[in-house]
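Below you'll find the structure, written out as structure tokens, and then a few comments.
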Ligand code: UDP
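In my numbering, the protein residues as written are 14 to 493.
Encoded structure:
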């Protein structure tokens, strides 16, 4: 029977893309390990995953997608306002389907490992019942992993919510002091259902056979050392951690994927001077209010920089639609009067989605205003593009602290307490990134880190060695 590795991503294009990249890496890394990759996709994948899945299925036939059946979710928004609660609930309800799928896969292949997205901890029990060795795939960095691993310790040492610890800095092994208010957003309130979900998965992390992380050693040496020294899980052995990144969706580098021809924004970039354009894009879920969009527009206009800006519709007031993809934005209504016309010669606004990897790798792009989603950070590093950090959700504020203070790869977009950024801050930061000495320093650091990323992925590099280690375990089997 053929060998297989089953990957189980959580909903959301960011998580799916890195899981697929992991699958591709496994396929090409060791020709002597002939394996097929089975991806069990949960229902309710946010964003436009269908075209992406179609493209991967066509270009990489050794990857097969198995769509898990729809489950009905109790949409009770009083439990928690956070999308993560819904994700935990969805994964939990999906367990019988995952059980069924694993049994089916086992009839036609030797399932060597189940690789779970870190949101899919609930499926750990299923793997245990079926005697399948399970591994986590952590799609964020070692810095966030260190925080999650140590989080149960912090939880047990206090009765307060992070949101009520104003002015307190949290001490995580391997991280600079983190302001409590910069903790992962859905974990700020101890009474929130999402907090419980995060606590459960942080506690369950060490139970896996190993943790695979989309990062590389020279990017996060301090956090990586703290984890490997066992400082983050004081009362339990830390499982082996494999830093195998950076994984980037490189088939998208030309932007030609999907069969729809070259996107207009890339053609526009072709006509711009080298390194002159600031790219603004906020992940698969980043949304701004109308007031904030207008403020960004004014800041961009006053900055006199060239820009490429991905704009989405503001969040809906209708709670039942909160987790659905937003409708196409009406740019004329959302942006200040005459903005598009006045900036026509130096700016382009793209609705909803741009091929980010291709954009970042375009020679005309010289800066990136990002929400600090981990994939976006790695993509910018691999393209050698310096960043301004404007975190919006998930672990992005935590990422910003380390990116700004320790790695010095980004400038910070400083927001008000309510999270609002005024036009003059946007102007200053965008201009600073492209023209100031500070911006130049960040650029030099990012370019050096790009070399580090390339070295890690080269034959004999740290990430290649780590991947070999874990694949050898799977190849030998019987790791249960
Ligand atoms: N992305 C993209 N175009 C967009 C927005 C996002 O190609 O307009 C891609 C981006 O390149 C990255 C992923 O979607 O690979 C977003 O992942 P990230 O971890 O940065 O953020 P998340 O969406 O998970 O918050």
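Built from N, CA and C at the ideal position, the CB exists for glycine as well.
Rounded to whole angstroms, what is the Cα-Cα separation between residue i and residue j?
i: residue 359; j: residue 383; result: 20 Å
i: residue 158; j: residue 479; result: 17 Å
i: residue 230; j: residue 469; result: 8 Å
i: residue 134; j: residue 217; result: 7 Å
i: residue 271; j: residue 176; result: Note that residue 271 has pLDDT 49, beneath the 50 cutoff, so the model's placement of it is unreliable and the number below is only indicative. Computed Cα separation, rounded: 43 Å.
i: residue 315; j: residue 392; result: 28 Å
i: residue 365; j: residue 338; result: 10 Å
i: residue 100; j: residue 289; result: 39 Å
i: residue 414; j: residue 440; result: 21 Å
i: residue 318; j: residue 233; result: 32 Å
i: residue 400; j: residue 426; result: 10 Å
i: residue 269; j: residue 181; result: Since pLDDT at residue 269 reaches only 48, below the 50 mark, its modelled position is unreliable, and the value read off the structure follows with that caveat. Whole-angstrom Cα-Cα distance: 48 Å.
i: residue 302; j: residue 328; result: 7 Å
i: residue 381; j: residue 144; result: 45 Å
i: residue 456; j: residue 398; result: 7 Å
i: residue 464; j: residue 160; result: 27 Å
i: residue 490; j: residue 483; result: 11 Å
i: residue 213; j: residue 467; result: 35 Å
i: residue 355; j: residue 311; result: 11 Å
Output needed for residue i: all residues of its chain with C-beta closer than 7 Å, excluding positions within five of it in sequence on either side, in chain order.
i: residue 222; result: 146, 147, 148, 252 and 492
i: residue 237; result: 155, 230 and 256
i: residue 69; result: 33 and 76
i: residue 476; result: 229, 256, 257, 258, 469 and 470
According to DSSP, simplified to helix, strand and coil, what is residue i?
i: residue 109; result: helix
i: residue 131; result: helix
i: residue 403; result: coil
i: residue 366; result: coil
i: residue 201; result: coil
i: residue 223; result: strand
i: residue 319; result: strand
i: residue 147; result: strand
i: residue 329; result: coil
i: residue 465; result: helix
i: residue 76; result: strand
i: residue 261; result: coil
i: residue 38; result: helix
i: residue 241; result: helix
i: residue 173; result: coil
i: residue 441; result: helix
i: residue 476; result: helix
i: residue 421; result: coil
i: residue 27; result: helix
i: residue 312; result: helix
i: residue 338; result: coil
i: residue 51; result: strand
i: residue 378; result: strand
i: residue 456; result: helix
i: residue 44; result: coil
i: residue 355; result: helix
i: residue 138; result: helix
Apart from the five residues just before and just after residue i, which ones in its own chain have a Cβ nearer than 8 Å to its Cβ?
i: residue 35; result: 20, 128, 150, 225, 227, 257 and 260
i: residue 304; result: 433
i: residue 84; result: 56, 103, 106, 107 and 110
i: residue 15; result: 47, 48, 49, 121, 122 and 123
i: residue 179; result: 193 and 194
State the CB to CB distance for the pair residue i and residue j, rounded to an integer number of angstroms; the pair is presumed to be in contact (CB under 8 Å).
i: residue 205; j: residue 95; result: 7 Å
i: residue 411; j: residue 195; result: 6 Å
i: residue 375; j: residue 300; result: So it is not a contact: roughly 25 Å between Cβ atoms.
i: residue 422; j: residue 394; result: 7 Å
i: residue 118; j: residue 47; result: About 16 Å; that fails the 8 Å criterion.
i: residue 114; j: residue 53; result: 5 Å
i: residue 373; j: residue 292; result: 7 Å
Looking only at its own chain, which residues have a Cβ that is under 6 Å from the Cβ of residue i, when we skip the five neighbours before and after it?
i: residue 323; result: 294, 363 and 367
i: residue 452; result: 445 and 446
i: residue 281; result: 361
i: residue 244; result: 186
i: residue 28; result: 22, 130 and 152
i: residue 201; result: 175 and 176
i: residue 385; result: 402, 404, 409, 412 and 413
Which partner residues does residue i have in the DSSP bridge list?
i: residue 253; result: Partner(s): none; residue 253 has no beta bridge.
i: residue 192; result: 182
i: residue 121; result: For residue 121, which the question treats as bridged, DSSP gives no partner whatsoever.
i: residue 15; result: 122
i: residue 294; result: 383
i: residue 216; result: The partner list for residue 216 (beta bridge, DSSP) is empty, contrary to what the question assumes.
i: residue 415; result: Its beta-bridge partners do not exist; DSSP assigns none.
i: residue 360; result: 320
i: residue 497; result: There is simply no residue 497 to check, as the chain begins at 14 and stops at 493 in what is shown.
Is the shortest distance between the beta-carbon of residue i and the beta-carbons of chain D less than 8 Å?
i: residue 181; result: Note that chain D does not occur in the displayed structure, where there is just one protein chain.
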